[in-house]
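Numbering (my numbering), first residue to last: 262 to 668.
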Ligand code: SAH
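Structure below.
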């Protein structure tokens with residue numbers, strides 16, 4: 262049993278599943294990753310939660326009911342089943358999407374992404390690192406996606422925060438019915454695949470050195486961006502070519518920029534994968550710092566009909582917000598200056614600490630400084646497989662504004 266103070270209890274009652282360590286009332290005896298019952302300071306029941314002995318987020322509520330230890334596996338199985346069938350409904354024409362999005366699927370601390378026939382599991386907490394729970398999760402996933410392999414991807418920084426021993430990313434399961442063509446499954450690399458977003462194909466290597474996977478949350482925004490895009494396009498922060506390859510289908514040319522050489526190498530392989538069979542505008546991959554490049558291009562008087570800005574999260578903490586907003590403004594200002602009349606800007610922010618209102622305000626200030634009249638065509642968030650949970654603002658992190666420079 263864990264007792265929480267008034268602030269912790271109010272937070273849970275307001276529908277947010279986290280209690281910070283500073284809101285625990287007494288020292289906790291529960292083992293790392295245990296299922297615990299949570300009470301308020303007067304002993305009233307608040308529900309059951311997964312406990313972390315290390316994280317500042319000490320408690321993540323699972324249910325407002327008190328769940329027995331023996332019932333935990335069943336609860337997780339039911340929730341995984343619900344998450345999987347929800348994705349099947351909303352992402353019918355996609356072979357790649359997020360199956361489980363932590364709090365938004367009432368499975369706080371667990372993320373599972375599907376890349377075609379490969380499921381990638383990430384345990385973000387001590388609880389989901391428990392061997393018994395990992396087995397429950399893997400069994401459930403196998404039941405719902407029998408043809409898929411499962412890889413566990415490890416983020417060393419998160420393991421450090423949770424005080425978990427270091428571990429390598431690894432293949433957890435291969436499908437039982439794996440077609441091995443008589444070669445034996447050892448000879449097939451189950452941690453690699455080719456997946457599809459809106460008909461565009463991408464390489465995926467779950468065990469490659471790079472920290473991030475693909476950005477599935479932009480799946481629907483890539484499709485919408487391609488509906489508006491035209492002419493000469495510039496994709497800034499392209500990573501492995503997510504937007505660029507969508508734009509190449511409709512634009513005359515695409516200049517795609519990233520500071521990561523390994524990401525651009527995969528992007529070029531992705532180009533070969535797509536542009537052999539499909540019409541593609543000419544794509545140029547450029548390794549550069551986006552801030553320097555935009556400054557140089559703007560100074561050189563370059564112009565584009567379509568510009569995409571999809572930077573990494575500039576505001577990792579609330580304190581970083583003012584600096585982050587300055588960064589976003591600089592990028593957007595330079596992009597707006599380079600847009601041809603009637604040109605399209607697709608501008609994103611994945612910083613949870615920057616609200617949609619703040620983002621739009623920043624964009625308005627950038628437009629004013631650039632001397633442009635800008636019309637908002639669409640205000641979007643992450644794809645539907647990354648659902649937003651009301652009262653858990655952290656689930657609504659992605660902003661994607663599509664706008665047009667009128668003059
Ligand atoms: N648009 C991509 C995702 C972009 S993620 C997609 O939809 O798939 C952010 C990218 O920004 C990463 O690839 C990272 O390498 C790159 N990046 C970070 N800082 C940068 C900088 N200063 N200049 C250029 N690229 C940068």
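Every residue gets a Cβ at the ideal spot worked out from N, C-alpha and C, and that includes glycine.
{"Asked": "Mapping the DSSP letters down to three states, classify residue 512 as helix, strand or coil.", "Found": "coil"}
{"Asked": "Would residue 625 count as contacting chain C if we go by Cβ distances under 8 angstroms?", "Found": "Absence of chain C from the displayed structure is noted, only one protein chain being present."}
{"Asked": "Let me check understanding here. Comparing Cα to Cα, which of 364, 548 and 354 lies closest to residue 522?", "Found": "548"}
{"Asked": "Counting Cβ pairs, one atom from each stretch, are 3 or more of them under 8 angstroms apart for the region 497-506 and the region 420-434?", "Found": "no"}
{"Asked": "Is it true that the region 324-334 meets the region 287-298, where meeting means three or more beta-carbon pairs spaced less than 8 angstroms apart?", "Found": "yes"}
{"Asked": "In this structure, does DSSP put residue 342 in helix, strand or coil?", "Found": "helix"}
{"Asked": "Which partner residues does residue 464 have in the DSSP bridge list?", "Found": "455"}
{"Asked": "May I ask you to report which of helix, strand or coil DSSP gives residue 634?", "Found": "coil"}
{"Asked": "Whole-angstrom Cβ separation of residue 526 and residue 544, contact assumed at under 8 angstroms?", "Found": "Not a contact, Cβ separation roughly 14 angstroms."}
{"Asked": "Going by other Cβ atoms of all chains shown within 10 Å of its Cβ, with 16 needed for buried, is residue 602 buried or exposed?", "Found": "exposed"}
{"Asked": "Restricting to Cα atoms, I'd like to know which of 302, 419, 292 and 585 is closest to residue 271.", "Found": "302"}
{"Asked": "With a floor of 4 residues, list each alpha helix (DSSP H) that falls wholly inside the region 275-300, ordered by position along the chain.", "Found": "none"}
{"Asked": "Apply the 10 Å Cβ neighbour rule to residue 278 and answer buried if 16 or more other Cβ atoms are within range, or exposed otherwise.", "Found": "buried"}
{"Asked": "Should residue 375 go down as buried or exposed, given a rule of 16 or more other Cβ atoms within 10 Å for buried?", "Found": "buried"}
{"Asked": "On the premise that residue 482 lies in contact with residue 359, defined as a C-beta separation below 8 angstroms, what is that separation, rounded to the nearest angstrom?", "Found": "Their Cβ separation, rounded to whole angstroms, is 14 angstroms, which puts residue 359 and residue 482 out of contact at 8 angstroms."}
{"Asked": "Using 8 angstroms as the cut-off, can you tell me whether the region 316-329 makes contact with the region 272-292, which would need three or more C-beta pairs spanning the two stretches below that distance?", "Found": "yes"}
{"Asked": "May I have the straight-line CA-CA distance separating residue 328 from residue 656, to the nearest angstrom?", "Found": "25 angstroms"}
{"Asked": "Along the beta strand (DSSP E) that carries residue 403, what are the first and last residues, could you check?", "Found": "Unbroken run through residue 403 is the alpha helix (DSSP H), 392-405; no beta strand (DSSP E)."}
{"Asked": "To the nearest angstrom, report how far apart residue 652 and residue 364 are at their CA atoms.", "Found": "11 angstroms"}
{"Asked": "List the residues that DSSP assigns as beta-bridge partners of residue 664.", "Found": "606 and 637"}
{"Asked": "Going by beta-carbon coordinates alone, are residue 474 and residue 513 separated by less than 8 angstroms?", "Found": "no"}
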